[in-house]
Amino acid sequence: MKTAQGEALRVISYGGGVQSTALLVLAAQREIDFPTFLFANVGDDSEHPSTLAYVREIATGYAREHGIDIHEIQRRRRDGSIETLWERLHRPRLRSIPIPIRMDNGAPGRRSCTSDFKIKVVAKWLKEHGATANRPAIVGVGISLDEIHRANKRRSDPYEQIEYPLLDLALRRDDCVQIITAAGLPVPPKSACFFCPFKTVDAWRHQRRHEPELFAKCEELEATLNEKRAMLGRDAAYLTRYGISLDRAIQLAPREPGIVDAGCDSGWCMT
39 MKTAQGEALR
49 VISYGGGVQS
59 TALLVLAAQR
69 EIDFPTFLFA
79 NVGDDSEHPS
89 TLAYVREIAT
99 GYAREHGIDI
109 HEIQRRRRDG
119 SIETLWERLH
129 RPRLRSIPIP
139 IRMDNGAPGR
149 RSCTSDFKIK
159 VVAKWLKEHG
169 ATANRPAIVG
179 VGISLDEIHR
189 ANKRRSDPYE
199 QIEYPLLDLA
209 LRRDDCVQII
219 TAAGLPVPPK
229 SACFFCPFKT
239 VDAWRHQRRH
249 EPELFAKCEE
259 LEATLNEKRA
269 MLGRDAAYLT
279 RYGISLDRAI
289 QLAPREPGIV
299 DAGCDSGWCM
309 T
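In this text, residue positions in the sequence shown follow the working numbering: the first is 39, and each later residue adds one.
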């Protein structure tokens with residue numbers, strides 16, 4: 039972390055995906071002034087393994103070579119131990135599901151995963167490193183021009199002031215891909231929890247075909263959550279919007295051309 043005395047922190051909320059990795063390259067090239075990147079890891083058992091691999095094996099080394107700091111931070115309990123999103127979903131007495139699991143009508147339920155495991159984790163780090171309500175940190179978020187409608191949905195904390203460097207530079211996602219490849223880096227995968235209910239049914243089919251172990255864990259999660267809901271006298275809920283179990287949805291649901299599954303590239307849920 040490289041801030042002069044009295045100078046506000048300048049950090050990027052880093053999700054490990056295309057847009058925020060383009061910001062990493064731009065920071066390395068000194069096109070933008072953000073010397074610190076914060077990767078809020080919701081858990082090694084929750085993030086997609088390919089995202090963790092990219093952040094740790096590619097992005098961190100590139101950042102180090104160019105004088106950029108990447109800090110991997112996680113939610114901690116009062117005793118200092120790490121709490122992961124997967125662990126919370128498997129609490130024996132879980133009453134409120136923190137991910138946007140789908141109700142019978144396909145609408146997403148209440149979600150607190152973004153707030154509890156990303157926004158609050160980043161805010162805590164900022165406060166610990168000198169950010170205050172009177173002198174908030176400048177937090178860059180990787181929303182590109184083709185996603186401009188999502189900019190106003192970013193909830194901010196009193197300790198941060200949000201900026202959108204990609205919007206300021208009028209860059210689209212395709213531009214971000216070009217920036218990354220021109221720097222000699224591989225294009226990162228979409229960043230999101232591997233069990234995120236905002237995936238399209240086609241993305242679920244891809245996971246079953248290419249990542250069967252992860253898909254099996256998602257089936258187990260859906261069943262476990264519904265066991266808990268049944269014990270509380272609540273209706274079933276699902277990981278897809280079709281009101282049927284995951285294994286049936288990928289067999290029966292139509293293809294979804296043109297629908298793009300959401301991600302957490304900017305360190306928060308992009309929906």
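The beta carbon of each residue, even a glycine, is placed where N, CA and C say it ideally should be.
Here the structure is a predicted model, which means the values were calculated and not measured.
- Under the three-state reduction of DSSP output, Leu76 falls in the strand class.
- In the structure shown, Ile176 falls within a strand segment according to DSSP collapsed to helix, strand and coil.
- Along the length of the region 242 to 281, whole alpha helix (DSSP H) runs at least 4 residues long occupy 250 to 269, reported in chain order.
- Lys158 and Ile96 have their C-alpha atoms some 26 Å from each other.
- In the displayed model, Val225 falls within coil according to three-state DSSP, outside both helix and strand.
- Within the same chain, Cβ atoms closer than 7 Å to the Cβ of Ala171 are found at Pro196, Tyr197, the five residues on either side in sequence being excluded.
- Per the C-alpha coordinates, the member of Pro73, Arg126, Gln67, Arg102 positioned closest to Asp83 is Arg126.
- Counted as a single uninterrupted DSSP element, the beta strand (DSSP E) harbouring Arg48 occupies residues 48 to 51.
- For Gln216, no beta strand (DSSP E) encloses it; the enclosing alpha helix (DSSP H) starts and ends at 211 to 220.
- Taking a 10 Å sphere around the C-beta of Leu76, we find 16 or more other C-beta atoms and assign the residue as buried.
- The residues Leu76, in chain order, have a CB closer than 6 Å to that of His109 in the same chain once the five nearest residues on each side in sequence are set aside.
- In this structure, the straight-line span from the alpha carbon of Arg113 to that of Val179 is close to 20 Å.
- Here Phe253 has Gln245, Arg246 as same chain residues with Cβ atoms under 7 Å from its own Cβ, once five neighbours each way along the sequence are excluded.
- Residue pairing of Gln199 in beta bridges, as defined by DSSP: Ile176.
- Assigned with DSSP and collapsed to three states, Ile106 falls in coil, not helix or strand.
- Relative to the Cα of Leu284, the nearest Cα in the group Lys266, Gly271, Phe236 belongs to Phe236.
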